[in-house]
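Engineer: Pasting a structure here, questions to come.
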Amino acid sequence: MAEEEDTIPVEEMVLSLVDQTGSINTSDVAKKLNVDHQVIVGTVKSLQSLGSGNIIIAKQQQSERWELTSEGEEVAQRGSHEAILFAAIHPEKGTLQSHLMKSSPNAKVGFSKAMSAGWLTIDKKGEDGPRVFRKVNTIVDTVQQQLQQVAAGNVTEVSDQQLKELKKRKLINMVVVKSFLVTKGSEFTTSLEKPETDLTPEMLASGSWKDKKFKPYNFDSLGVMPPSGHLHPLMKVRTEYRQIFLEMGFSEMPTNNFVESSFWNFDALFQPQQHPARDMHDTFFVKEPRHATDFPMDYLERVKTVHSEGGYGSQGYLYDWKLEEAKKNILRTHTTAVSARMLYKLAQQETFRPAKYFSIDRVFRNETLDATHLAEFHQIEGVVADYNLTLGDLIGILYEFFKKLGIMKLRFKPAFNPYTEPSMEVFSYHEGLQKWVEIGNSGVFRPEMLLPMGLPKDVSVIAWGLSLERPTMIKYGIDNIRDMVGHKVNLQMVQDNPLCRLDKSPQ
Ligand code: FB9
């Protein structure tokens, strides 16, 4: 492998040149060694990182030099356009101008330059058209010679006027060359001892580590970004809310069914079948399967009764409740449908035990779309079932919940929900906007909802809800919801957005 043995590492060549001359320019060395300039620059950077970084000193320089364009390279190799055209003319008979113009790709430029150089004469009286003759026997292709001088770096052999003419013909360009002047550092050496980067078992066993130099740790270097996926901002904020509920002792409800029966989504919540929220313009109905079939029939009968005749001290809605309506499958319009299922299940236990549930998942509403509303959103919902809970308990837990989000100032406004009485809209003071903004809704589930399930009369259930999108858009400064969710989302936003830390109040 003679060739390999003769190959001296570029680092050693550079050090040797610096040693011999005291200083080198990376651009000159690249030409001398016939390697790309960037190879020499990379070598200099590598040498600068060795030891304590004082082997060499590299100072950036900037110079200008003439460089051949691709057309200039072509002319330097094959001759100028005018020389090529002159060679295409028959020495005695001349050549028809029409043929000459097809003799080479740049014949037109060549003809013009050859005429200007006095190399040609033209006979326009010929029967078969203008004929071009050589005016001289031989020519000197000075353009090619000048370009070859420039390519070789002998620019001083070419006059300024000639350089100006070559530039005008776009055969050369002036380029800025950034290079480095390399001189000896305080720890200059030509004998490279690459520092070890790993302490190996062999070194420890043989003791050879004692004679080795090890590369110092660079504690400032950043870790390599692992090629990995990136969580969507919504999912980051969901995790923060989930953590808050878990800290407060809540258990997560199973929300993995987007399709729900109207029974659990509306009827079980004592929402009458003629309520406007139950028609097509607010709710998405499922075509296939169109109907749900599996209901706890004894419970369903109690729901039917409380709607149509009343009961438990309520007069009901006194309408003809229809099973057909309750069977219709929809995309759930709120996660309160899941809360209803969980409370019914809780009521089936032999002995009632207080419970705290939460859910954070997608709900669907056939709503008018705008910059902050899509036909779906993630609902966050908290539910507490215990003996004799009051509105005061609800207000207290809302303060506790929102305090964990750094929100202390709350106001409550009476509101209406079909399934809660009393109900309250929750407001907090937005320092940035200098105004009170709605941050959720809440209430105490009605007896007409709870008692048909079989929950004890002295058990009450308080609940509240908000969306995941609103706080996420505020947290990440997103104005249009389509910049956060949907097919137009810029995935780079998902990759770039920082981790989410919701402002948590001290415990
Ligand atoms: O999320 C809402 N606003 C909000 C929430 C948080 C926030 O920042 C964080 C605190 C730091 C900023 C704003 N809202 C509820 C209020 C409005 O945005 C409202 O215009 C939009 N609402 C959605 C439904 O609109 C069709 C938000 C969504 C909502 C509303 C009500 C409930 C859930 C979500 C509920 C409920 C409920 C009530 C009683 C019992 C059980 C559940």
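Letter by letter, the sequence shown follows residues 187 to 693 of the working numbering.
Glycine residues also receive a C-beta, built at the ideal position from the N, C-alpha and C atoms.
Because the structure is a prediction, the values reported are computed rather than measured.
For Gly296, I'd like the list of residues in its chain whose CB is within less than 7 Å of its CB, leaving aside the five on either flank, ordered along the chain.
Structural biologist: His267, Glu268, Ile270, Leu271 and Ser290
Engineer: Would you say Gln534 touches the ligand FB9, meaning its beta carbon is less than 7 Å from a heavy atom?
Structural biologist: no
Engineer: If we define contact as Cβ-Cβ less than 8 Å, is Glu197 a contact residue for chain D?
Structural biologist: This model lacks chain D altogether, as it is built from one protein chain only.
Engineer: Using three-state DSSP, classify Val225 as helix, strand or coil.
Structural biologist: helix
Engineer: Is Asp650 near the ligand FB9, with its Cβ less than 7 Å from a heavy atom?
Structural biologist: According to the sequence shown, residue 650 is Trp rather than Asp. Because some heavy atom of the ligand FB9 lies under 7 Å away, the Cβ of Trp650 counts as near it: yes.
Engineer: Going straight from the alpha carbon of Met199 to that of Gln206, what length do you get?
Structural biologist: 10 Å
Engineer: Can you tell me which of the three DSSP states Thr606 falls into?
Structural biologist: strand
Engineer: Out of Arg687, Lys310, Pro540 and Leu577, which one is the CA nearest neighbour of Val645?
Structural biologist: Among Arg687, Lys310, Pro540 and Leu577, the Cα nearest to that of Val645 belongs to Pro540.
Engineer: Which parts of the stretch 500-583 are runs of the beta strand (DSSP E), unbroken and 3 residues or longer, counting only runs that do not cross its ends?
Structural biologist: 515-517, 541-550 and 562-573
Engineer: Quick check: the stretch 241-255 against the stretch 355-369, are at least 3 beta-carbon pairs closer than 8 Å?
Structural biologist: yes
Engineer: Is it right to say Gln620 is buried, meaning 16 or more other beta carbons lie within 10 angstroms of its own, or is it exposed?
Structural biologist: exposed
Engineer: Tell me whether Thr606, by its Cβ, gets closer than 7 Å to a heavy atom of the ligand FB9.
Structural biologist: Checking every heavy atom of the ligand FB9 against the Cβ of Thr606, one is found closer than 7 Å.
Engineer: If you follow the alpha helix (DSSP H) that Gly296 is part of, which residue opens it and which one closes it?
Structural biologist: Ala293 to Ser302
Engineer: On a Cα-Cα basis, can you pick out the residue from Ser302, Arg656, Thr324 and Lys398 that is closest to Ala557?
Structural biologist: For the residues Ser302, Arg656, Thr324 and Lys398, the minimum Cα distance to Ala557 belongs to Arg656.
Engineer: Between which two residues does the beta strand (DSSP E) harbouring Ser407 extend?
Structural biologist: Where Ser407 is concerned, there is no enclosing beta strand (DSSP E), given that its DSSP letter is neither H nor E.
Engineer: Distance, Cα to Cα, Met287 vs Asn211?
Structural biologist: 47 Å
Engineer: Have a look at Met439, His416 and Thr342 and flag the residue whose alpha-carbon is nearest the alpha-carbon of Phe544.
Structural biologist: Met439
Engineer: When burial is assigned at 16 or more other CB atoms within 10 Å of the CB, is Gln457 buried or exposed?
Structural biologist: buried
Engineer: I'd like to know whether the C-beta atoms of Ala512 and Ser447 end up nearer to each other than 8 Å.
Structural biologist: yes
Engineer: Of the choices Ala338, Ala300 and Glu611, whose alpha-carbon is the least far from that of Ala601?
Structural biologist: Glu611
Engineer: When we look at the beta-carbon of Gln330 and count the other beta-carbons within 10 Å, is it buried (16 or more) or exposed?
Structural biologist: buried
Engineer: Does at least one heavy atom of the ligand FB9 sit under 7 Å from the Cβ of Glu562?
Structural biologist: no
Engineer: For Ala303, which residues of its own chain have a beta-carbon under 8 Å away from its beta-carbon, when the five flanking residues on both sides are left out?
Structural biologist: Glu268 and Ile325
Engineer: Any chance the CB of Gly618 is under 7 Å from a heavy atom of the ligand FB9?
Structural biologist: no
Engineer: Using only the alpha-carbon positions, how far apart do Met670 and Met659 sit?
Structural biologist: 8 Å
Engineer: Measuring alpha carbon to alpha carbon, tell me which of Leu577, Thr375 and Lys542 ends up nearest Lys570.
Structural biologist: Note that residue 570 is Val in the sequence shown, not Lys. Nearest to Val570 by C-alpha distance, out of Leu577, Thr375 and Lys542, is Lys542.
Engineer: Just to check, is the beta-carbon of Thr469 closer than 7 Å to a non-hydrogen atom of the ligand FB9?
Structural biologist: no
Engineer: Buried or exposed for His564, please, with buried defined as at least 16 other CB atoms from any protein chain shown within 10 angstroms of its CB.
Structural biologist: buried
Engineer: For Arg551, verify whether its CB is less than 7 Å away from any heavy atom of the ligand FB9.
Structural biologist: yes
Engineer: For the alpha helix (DSSP H) that contains Leu354, what are its first and last residues?
Structural biologist: A small fix is needed here, since residue 354 is Lys in this sequence, not Leu. Asp346 to Lys354 is the span of the alpha helix (DSSP H), which, as asked, contains Lys354.
Engineer: Confirm the yes/no value for this check: CB of Gln565, any heavy atom of the ligand FB9, distance under 7 Å.
Structural biologist: yes
Engineer: Within 10 angstroms of the Cβ of Asn574, are there 16 or more other Cβ atoms? Answer buried if so, exposed if not.
Structural biologist: The residue is exposed, with fewer than 16 neighbouring Cβ atoms inside 10 Å.
Engineer: So the alpha helix (DSSP H) Thr425 belongs to, where does it begin and stop?
Structural biologist: Pro419 to Glu433
Engineer: Pick out whichever of Phe431, Gly497, Pro381 and His416 has its Cα sitting closest to the Cα of Arg632.
Structural biologist: Gly497
Engineer: With a Cβ-Cβ cutoff of 8 Å, do Thr469 and Asn552 count as a contact?
Structural biologist: yes
Engineer: Please report the residue range of the alpha helix (DSSP H) in which Leu219 lies.
Structural biologist: Thr212 to Leu219
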